[in-house]
Amino acid sequence: MVEALHNAGVVVTGAGGGIGAALARRFAAEGARVVVNDLDADKAGAVAEEIGGTAVPGDASAVVDAARDALGGTVDVYCANAGLGSAGTEAAGEDVWARAWDVNVMAHVRAAHALLPGWLERGNGRFVSTVSAAGLLTMIGAAPYSVTKHGAYAFAEWLSLTYRHRGVKVHAICPQGVRTDMLSATGTAGDLVLKPTAIEPQDVADALLKGMEEDRFLILPHPEVAAYYQARAAEPDRWLAGMNHLQQKWEATR
985 MVEALHNAGV
995 VVTGAGGGIG
1005 AALARRFAAE
1015 GARVVVNDLD
1025 ADKAGAVAEE
1035 IGGTAVPGDA
1045 SAVVDAARDA
1055 LGGTVDVYCA
1065 NAGLGSAGTE
1075 AAGEDVWARA
1085 WDVNVMAHVR
1095 AAHALLPGWL
1105 ERGNGRFVST
1115 VSAAGLLTMI
1125 GAAPYSVTKH
1135 GAYAFAEWLS
1145 LTYRHRGVKV
1155 HAICPQGVRT
1165 DMLSATGTAG
1175 DLVLKPTAIE
1185 PQDVADALLK
1195 GMEEDRFLIL
1205 PHPEVAAYYQ
1215 ARAAEPDRWL
1225 AGMNHLQQKW
1235 EATR
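Numbering (the working numbering), first residue to last: 985 to 1238.
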């Protein structure tokens, strides 16, 4: 149990299903008061009812004020979990790129902008960013997703280095495949790269709670991602050649 979570006010965006719902359930089990946010009001309401939380449906980019009110004025933990798994190449439409950037990056920026004044004033607060291993590595067939998840990771990293001495804790969760609707939507690329080692959403929630307990920034539900990340940094050309081989393998199945 993470003692700091007992009676804490927690917000989870994109919590109508998948990883978000698993996070909401786990926080509630730890004794937190949980706001469940999702664009789908029915799904948000169902999860909130299940865990004894409060549903605050709507756009994750503008949920902070309503969530704070629902929690009695204070948000202790904010989980920027809502995301888009946008596929496509450089030729994806401008609207696809813009929406991916807005949801996967700017929603995090807006939430931090709304939360930080209060957190800095009282000297504590916790920001959890659901990134993806794609934010550390990449994902074939999904340029908008890969690029914006790199942005989400960079923003979480920046928050941590800028405010950790002022009591703000930041965690970046970077799983590979997770058995959710988003994984199902990745099609043959996901079948090739992600499904063989896919884990359950609850596994991600467990990894987050362990990482919070150990006060770690980077949380890897798939531990092998650490070695991939090291290889990418140490020998980028070799790593890119390996990823290109994977790209060619995928192209041959299409």
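Glycine included, C-beta positions come from ideal geometry on N, C-alpha and C.
- In this structure leucine 1230 does not touch isoleucine 1157 by the C-beta definition: roughly 23 Å separates them, more than the 8 Å allowed.
- Runs of the beta strand (DSSP E) lying entirely within the stretch 1125 to 1164 and spanning at least 3 residues, in chain order: 1152 to 1157.
- Excluding sequence positions up to five before and after aspartate 1165, its CB lies within less than 7 Å of the CB of Gly1001 and Gly1002, all in the same chain and listed in chain order.
- Restricting attention to beta strand (DSSP E) runs no shorter than 3 residues, the stretch 1004 to 1060 encloses them at 1017 to 1020, ordered along the chain.
- For threonine 1237, the enclosing alpha helix (DSSP H) covers residues 1220 to 1237.
- Every alpha helix (DSSP H) stretch that sits fully inside the stretch 1084 to 1116 and reaches 4 residues is listed by chain position as 1091 to 1106.
- Under DSSP, glycine 993 takes part in a beta bridge, and its partners are Arg1017.
- Glycine 1174 sits in a helix when the DSSP states are folded into three classes.
- If you draw a straight line from the Cα of glycine 1171 to the Cα of glycine 1042, it is about 28 Å long.
- Each residue's CA atom was taken as its position, placing alanine 1236 and histidine 1134 some 27 Å apart.
- Beta-bridge annotation (DSSP): glycine 1072 is paired with Ala1126.
- Alanine 1064 has Ser1113 as its beta-bridge partners, per DSSP.
- Threonine 1122 is positioned such that its CB atom lies no closer than 8 Å to that of alanine 1064.
- Membership of aspartate 1190 in the alpha helix (DSSP H) is indicated by the continuous run 1185 to 1197.
- The C-beta distance from alanine 999 to valine 1031 rounds to 6 Å, short enough to meet the 8 Å contact threshold.
- Taken through DSSP and simplified to helix, strand or coil, leucine 1204 comes out as coil.
- Cβ neighbours of glutamate 1197 within its own chain (closer than 6 Å, five residues either side excluded): Val986.
- Here the alpha carbon of glycine 1004 sits roughly 23 Å from the alpha carbon of alanine 1127.
- Per the coordinates, the alpha-carbon of leucine 1120 lies some 31 Å from the alpha-carbon of aspartate 1049.
- Counting C-beta pairs closer than 8 Å gives three or more between the stretch 1085 to 1092 and the stretch 1051 to 1067, which meets the contact rule.
- Asparagine 1021 and arginine 1009 have their C-alpha atoms roughly 13 Å apart.
- Restricting attention to Arg1017, Ser1168, Pro1180 and Ala1013, the CA atom closest to the CA of glycine 1056 is found in Arg1017.
- Distance from the CA atom of phenylalanine 1201 to the CA atom of valine 1152, rounded to whole angstroms, is 11 Å.
- Tryptophan 1103 and valine 995 have their alpha carbons spaced roughly 14 Å apart.
- The three-state reading of DSSP puts glycine 1002 in helix, counting H, G and I together.
- Going by beta carbons, alanine 1182 and valine 1162 fall inside the 8 Å limit.
- At a Cβ-Cβ threshold of 8 Å, serine 1045 and aspartate 1086 count as neighbours.
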